[in-house]
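To start, the structure under review is shown below, and the notes come after it.
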C-alpha cells in the first residue's frame, strides 16, 4: 500500500471488505515497537482530532492508526446527498479494515475507542485480534440519561430541529449545529432511532440479535467516563456496556476536577490536558502485554 507524508504520520488508504476506500494515517512507533493501537473515532469526529494522542503514544513505542469512517473527513464522497450506507458499516466494514491492517504477527494490538468507537468493538468481525480495549465516553445515547438542561436540548434536536434540517439537505448537517462533521442519511436514521431507547439498540426489537453479538466478545475492556460528560455519564455507560457481559470489564469514573486537570465533557478525553488519562491507558496496555508474554512463556 502506498503511503505519503501527513503531518507527523503517514497518510494511507485502507480498503474495506466491500471495496470502499478509507482515508487513514499511520503513526509509526518511535524506537522499538512495543505494541499497536487502532483508534475508533466518535460519531462525526475526524481522525485529526486524535493526532495529539497518537503522537503521545508513538513517542512511547506504540504504532498508532487513525482513520475516517466512510462519509467523514478523508473518507467522504464528493456529495453526501444520496450516499447510501448504514451506521454500523463504520464498525463491521471500516474499523474492521483498520484492525486487519495492523493485526500482524505476535505484536499486541489494542483499541482506543471514543464514544461510537466503544460501540464498534462489539460489532467487529475480527475483535478476537485485539488484546484489549480502552474506551472513553461510551454511552447509550438516550437523552433520559442526561442531566437538565442537556436532556431537553438533545430531545429538541432529535425531534424538532434535525428532522427539518436533514429533510432540507438530504443528509445530517451536523456542522450547522457546531457538533461535528456532516453525516450520511443512513447514520442519521439509525442513530436517531436507537437514541430513543434507554439501552440503545439493545432495546430495539429489530435488533434483538445484538445481545448475542456482543456476548461473543471476550476482549478485556476498561470503560472510562467523565462525571461531567453530559452525553455519556457513568450511568449512560453502564446502560450500554452491560452488553459486553462475557468480557473482563473495568469501569472508571473520571472526576477530572478532583484529579487536577479541569473538565472533560464528551470531547476532552483527547485534548492535551487529558494526558494523565492517556498515561493510564498506555500503562494498562503495558501491563496487559507483560501478562500475556508471561503466560505465553510459562
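Residue numbers (our numbering): 1 to 298.
Where a beta carbon is used, it is the ideal one built from N, C-alpha and C, also for glycine.
{"Query": "In DSSP terms, what residue 112 is bridged to", "Result": "39, 134"}
{"Query": "Simplified DSSP assignment, three categories, for residue 27", "Result": "strand"}
{"Query": "9 Å Cβ cutoff, residue 229 in contact with chain D", "Result": "The chain labelled as chain D is not found in the depicted structure, where only one protein chain is given."}
{"Query": "Own chain, CB closer than 6 Å to residue 3, minus 5 neighbours either side, in chain order", "Result": "Note that residue 3 scores a pLDDT of 39, beneath 50, so its modelled location is shaky; the value from the coordinates is reported in the next line. So the list reads 10, 12, once near-sequence residues are dropped."}
{"Query": "Every unbroken beta strand (DSSP E) inside the region 70 to 123 [3 residues or more]", "Result": "109 to 114"}
{"Query": "Cβ-based neighbour list, residue 284, same chain, cut-off 8 Å, excluding 5 preceding and 5 following", "Result": "132, 134, 222"}
{"Query": "Completely contained alpha helix (DSSP H) runs for the region 137 to 190, where each covers 4 or more residues", "Result": "150 to 156, 162 to 169"}
{"Query": "Beta-carbon gap between residue 181 and residue 73 smaller than 9 Å", "Result": "yes"}
{"Query": "Proximity below 9 Å, CB of residue 119 to CB of residue 39", "Result": "no"}
{"Query": "Close-in-space but distant-in-sequence residues of the same chain around residue 183 (CB under 6 Å, 5 per side omitted)", "Result": "44, 172, 174"}
{"Query": "Endpoints, beta strand (DSSP E) assigned at residue 62", "Result": "62 to 67"}
{"Query": "Cut-off 6 Å between Cβ atoms - residues of its own chain near residue 136, not counting five sequence neighbours on either side", "Result": "114, 224, 269"}
{"Query": "Residue 208, buried or exposed, once every other Cβ within 10 Å from all chains shown has been counted against 16", "Result": "exposed"}
{"Query": "Contacting residues, own chain, Cβ-Cβ under 6 Å from residue 300 (five flanking each side not counted)", "Result": "Shown here, the chain extends from 1 to 298; a query on residue 300 therefore has no answer."}
{"Query": "Simplified DSSP assignment, three categories, for residue 265", "Result": "coil"}
{"Query": "Same chain, Cβ closer than 7 Å to residue 107, five either side skipped, listed in chain order", "Result": "33, 35, 36"}
{"Query": "Close beta carbons around residue 151, own chain, < 6 Å, minus the five adjacent residues each side", "Result": "143"}
{"Query": "Buried versus exposed call for residue 290 [16 or more other C-beta atoms within 10 Å across all chains shown]", "Result": "exposed"}
{"Query": "Buried/exposed call for residue 58, threshold 16 Cβ in 10 Å", "Result": "buried"}
{"Query": "Local conformation of residue 297 per DSSP, three classes", "Result": "Model confidence at residue 297 stands at a pLDDT of 49, short of 50, so the residue's coordinates are unreliable; what they give is reported in the following sentence. If DSSP states are grouped into helix, strand and coil, residue 297 belongs with the helices."}
{"Query": "Cβ-based burial, residue 148 [other Cβ within 10 Å; buried from 16]", "Result": "exposed"}
{"Query": "Other residues of its chain near residue 210: CB distance less than 6 Å, five sequence neighbours each side excluded", "Result": "201, 202"}
{"Query": "Distance between residue 70 and residue 94 (C-alpha atoms, nearest Å)", "Result": "7 Å"}
{"Query": "Which of helix, strand or coil DSSP assigns to residue 4", "Result": "Reliability fails at residue 4, whose pLDDT of 41 lies under 50, so the model's placement of it is uncertain and no value is given."}
{"Query": "From 139, 62, 204, 267, residue whose alpha carbon lies closest to that of residue 251", "Result": "139"}
{"Query": "Element boundaries [alpha helix (DSSP H), containing residue 227]", "Result": "Premise fails: residue 227 is in no alpha helix (DSSP H) and is neither H nor E."}
{"Query": "DSSP-derived helix/strand/coil call for residue 16", "Result": "coil"}
{"Query": "Close beta carbons around residue 272, own chain, < 8 Å, minus the five adjacent residues each side", "Result": "52"}
{"Query": "Contacting residues, own chain, Cβ-Cβ under 7 Å from residue 232 (five flanking each side not counted)", "Result": "115, 137, 138, 139, 225, 266"}
{"Query": "Supposed contact pair residue 215 and residue 245 - C-beta distance, whole angstroms, cut 8 Å", "Result": "6 Å"}
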